[in-house]
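Encoded as structure tokens, the structure appears first; notes follow it.
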Amino acid sequence: MIGNLYGRESVVNQFRSYMVDIQQVINLLPIHTIEATVERLHEARLTRKQIFVMGNGGSAATASHMGCDLAKNTLGANFPRPRVHALSDSTPLITAYGNDCGYDAIFAEQLSNFIEPGDVVLAISASGNSANVLKAIELANQHDAYTIGWSGYDGGQLATLVDLPLVVPCHNIEQIEDIHMMLAHMVTMGVRNAVQKHHPFTTNSNANGAVVLP
Numbered sequence: 016m017i018g019n020l021y022g023r024e025s026v027v028n029q030f031r032s033y034m035v036d037i038q039q040v041i042n043l044l045p046i047h048t049i050e051a052t053v054e055r056l057h058e059a060r061l062t063r064k065q066i067f068v069m070g071n072g073g074s075a076a077t078a079s080h081m082g083c084d085l086a087k088n089t090l091g092a093n094f095p096r097p098r099v100h101a102l103s104d105s106t107p108l109i110t111a112y113g114n115d116c117g118y119d120a121i122f123a124e125q126l127s128n129f130i131e132p133g134d135v136v137l138a139i140s141a142s143g144n145s146a147n148v149l150k151a152i153e154l155a156n157q158h159d160a161y162t163i164g165w166s167g168y169d170g171g172q173l174a175t176l177v178d179l180p181l182v183v184p185c186h187n188i189e190q191i192e193d194i195h196m197m198l199a200h201m202v203t204m205g206v207r208n209a210v211q212k213h214h215p216f217t218t219n220s221n222a223n224g225a226v227v228l229p
């Protein structure tokens, strides 16, 4: 047992401290920013825009999980199907671009094939300084996509590049990653609730030709 190896009291105290610390960080999260993320993703879905999510390492796993949940768990009768792409998912494509174009290009090269104005690109980077994430966000901005960035620490460069930054106020990498996963679940839940509460999608337009959301 772990207690026999390291001393049970010491380990239990670490667990308790971890839980107390992460709860304090959760209490500081900007709820309005989370809400704005849900609204933007829901709008993208209603207007048939694409949603791209990406990250490295643990953040890649979070991006993949979020992409899966958004694609599968937010369906609604008579609503357009979500067009979600997790850019961390294709090992052959990532390694091909990494080998031929450099690791910094693995997300931007994928985006170049699909990105259109009005699409949403959500980047997850604990440090906010992952070069391949920043390069992809710069490309998305150039194509008039809406960009969202989740980071930690001081936000890094990502927080200054995106339209909607969310910086987890924490300097513990494990806790930052925990909260990013929690945010992914919260946002998915929010989009699902929006689908359930809204009327079915229509193509009504206002006088300016803009889609009117239900």
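Residues in the sequence shown are numbered from 16 upward in steps of one, following this note's numbering.
Positions of the beta carbon are idealized from the N, C-alpha and C atoms, including for glycine.
Assigned secondary structure, residue i (DSSP; H/G/I helix, E/B strand, else coil)
i       : result
Gly-117 : coil
Val-68  : strand
Leu-176 : helix
Leu-181 : strand
His-318 : Missing from the structure shown is residue 318; the chain here goes from 16 to 229 and no further.
His-200 : helix
Leu-44  : coil
Ser-25  : helix
His-195 : helix
Ser-105 : coil
Arg-31  : helix
Lys-212 : helix
For residue j and residue i, believed in contact at Cβ under 8 Å, the rounded distance
i       : j       : result
Ile-63  : Pro-95  : Strictly speaking, residue 63 in this sequence is Arg, with Ile absent from that position. Between Pro-95 and Arg-63 the Cβ distance is about 5 Å, and since that is below 8 Å, they are a contact.
Ile-191 : Ala-141 : 5 Å
Gly-133 : Ala-160 : 7 Å
Val-136 : Ala-155 : 4 Å
Ile-152 : Leu-173 : 7 Å
Val-53  : Gly-205 : 3 Å
Ile-46  : Arg-98  : Actually they do not touch by this definition, with Cβ atoms about 27 Å apart.
Met-81  : Thr-162 : No, Met-81 and Thr-162 are not in contact; Cβ-Cβ is about 16 Å, not under 8 Å.
Phe-122 : Met-69  : 5 Å
Residues that DSSP places opposite residue i in a beta bridge
i       : result
His-100 : Phe-67
Spatial neighbours of residue i in its chain, beta-carbon cut-off 8 Å, leaving aside the 5 residues before and after
i       : result
Asp-119 : Ala-146, Asn-147, Lys-150
Own chain residues within Cβ distance below 7 Å of residue i, not counting five before or after
i       : result
Thr-48  : Leu-179, Leu-181
Val-210 : Thr-89, Gly-91, Phe-94
Asn-28  : none
Spatial neighbours of residue i in its chain, beta-carbon cut-off 6 Å, leaving aside the 5 residues before and after
i       : result
Ser-79  : Ala-101, Ser-103, Asp-104
Gln-38  : none
Cys-185 : Val-40, Gly-167, Ile-191
Gln-125 : Leu-102
Asp-84  : Thr-203
Ala-59  : Ile-66, Val-135
Residue i beta carbon near the ligand PLP (any heavy atom closer than 7 Å)
i       : result
Asp-193 : Here there are no bound small molecules, and the ligand PLP is not part of this structure.
For this session: Give, in chain order, every unbroken run of the alpha helix (DSSP H) that is at least 4 residues long and sits entirely within the region 119 to 174.
Result: Qualifying alpha helix (DSSP H) stretches, in chain order: 121 to 129, 146 to 157.
Exercise. In chain order, which beta strand (DSSP E) runs of at least 3 residues are fully inside the region 48 to 98?
Worked result: Counting only runs of 3+ residues, the beta strand (DSSP E) found wholly inside the region 48 to 98 occupies 65 to 70, in chain order.
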